[in-house]
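A short write-up of the structure that comes next.
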Amino acid sequence: MSQLIFYDLPTKEPRVSWSYNPWKTRLVLNYKKLEYKTEWTEYPDIESKFKDHVPPNPPDDTPYTIPVVQFPDGTYVMDSKKIATRIEKEHPEPHLHLDSPILEQLSKITPKAMGPLRGIALPGVHANLLPERSKEYFGRTRQARLGKTLEQYGKDSGGEEAWMEALPGIKELGELVKANGGPFVMGKTPSYADFVIVSWLQFMKVIEEGVYQRLVGLEPALGELYNASKPWLERNDH
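Okay, structure coming up:
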């Protein structure tokens, strides 16, 4: 094997990348201009495909998740941050700045923005994006976690109150982006912190364009960051 294999979750046809964590990896691969092949992997197939190649996630998490990358030496790495660390070690330029203190700041801000909008995101993924096998799996497993159907979860948790709760976090994200002059969090230099934010924006955009437009309308700096990152968003389907 001479190239990276990137295991990603597909939408229904025509298949494109949609999910938040895999987009972090795809942005890294595209930013560093690495050769890779996408292997689409539906939800019900994840565990059987990877359980012989990588140790499971910690007990409270889903044991096997996407993204996974198989490196040219045949080894597999699961988890977007672990993948980024391995890629940065083997392909240090252009730099991801994984040691930036901004990443720690970001880890405290993102739940404030993303968490309240789960009532919009999860039902949207289920209703709009997934192929049939993945749709059944996603609906069944999320209903088990939430104690209600995704449709009901959206009715209960996906309205205007969700946007009001998310607004302070969205504004904090914008302030983080603007702190060094933009369009990136470090100013003119892209970094992994940008990809964490842009992956979420792309995730919401693929779910529903109107959701993305509302986000960037509330905080225009996020739209400027997204637009500055467009070269690394172009490859999304192979």
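Using UniProt numbering, the first residue of the sequence shown is number 1, and each one after it goes up by one.
Every residue, glycine too, gets a C-beta built ideally from N, C-alpha and C.
Reduced DSSP secondary structure (H/G/I, E/B, other) of residue i
i	result
residue 186	coil
residue 17	strand
residue 54	coil
residue 1	Annotation note: pLDDT 46 at residue 1 (below 50); position unreliable, coordinate value reported separately. DSSP places residue 1 in coil when its eight states are reduced to three.
residue 36	strand
residue 92	coil
residue 7	strand
residue 226	helix
residue 45	helix
residue 157	helix
residue 65	coil
residue 98	coil
residue 167	helix
residue 59	coil
residue 191	coil
residue 30	helix
residue 209	helix
residue 235	coil
residue 250	It is not possible to answer for residue 250, since the shown part of the chain is limited to 1 through 238.
residue 12	coil
residue 219	coil
Top-ranked residue by Cα proximity to residue i, from the options
i	options	result
residue 73	63, 66, 86 and 81	86
residue 75	65, 63, 55 and 130	55
residue 88	234, 226, 121 and 192	192
residue 24	130, 140 and 66	66
residue 234	202, 182, 223 and 221	202
residue 69	53, 183, 115 and 33	53
residue 240	221, 83 and 204	This structure cannot speak to residue 240, because the chain is shown only from 1 to 238.
residue 224	150, 175 and 84	175
residue 27	217, 215 and 196	196
residue 30	91, 219 and 145	91
residue 49	179, 78, 142 and 19	78
residue 199	16, 9 and 21	21
residue 71	164, 83 and 155	83
residue 236	9, 16 and 12	16
For residue i: DSSP bridge partner residues
i	result
residue 70	5 and 76
- prompt: What are the start and end residues of each continuous alpha helix (DSSP H) run of 4 or more residues lying completely inside the stretch 109-152, in chain order?
  reply: Along the length of the stretch 109-152, whole alpha helix (DSSP H) runs at least 4 residues long occupy 118-128 and 132-146, reported in chain order.
query: Below 8 Å, can you find three or more Cβ-Cβ pairs linking the stretch 29-41 to the stretch 209-227?
result: Contact check between the stretch 29-41 and the stretch 209-227: fewer than three CB pairs, one atom from each, fall below 8 Å, which does not count as touching.
message: Quick check: the stretch 95-105 against the stretch 4-15, are at least 3 beta-carbon pairs closer than 8 Å?
response: By the Cβ rule, the stretch 4-15 does not count as touching the stretch 95-105, because fewer than three pairs are nearer than 8 Å.
- prompt: Should the stretch 104-118 be called in touch with the stretch 158-170, which here means at least 3 C-beta pairs below 8 Å?
  reply: Enough Cβ pairs lie closer than 8 Å, so yes.
- request: Assess, as a yes-or-no matter, whether the stretch 120-133 is touched by the stretch 227-235 under the definition of 3 or more beta carbon pairs within less than 8 Å.
  value: Using a C-beta cut-off of 8 Å, the stretch 227-235 makes no contact with the stretch 120-133, since fewer than three inter-stretch Cβ pairs fall below that distance.
field: the stretch 134-142 / the stretch 182-192 touching (three or more Cβ pairs under 8 Å)
entry: By the criterion of at least three beta-carbon pairs nearer than 8 Å, the stretch 134-142 is not in contact with the stretch 182-192.
- prompt: Quick check: the stretch 115-123 against the stretch 90-100, are there 3 or more CB pairs under 8 Å?
  reply: Output reads no: the stretch 90-100 does not touch the stretch 115-123.
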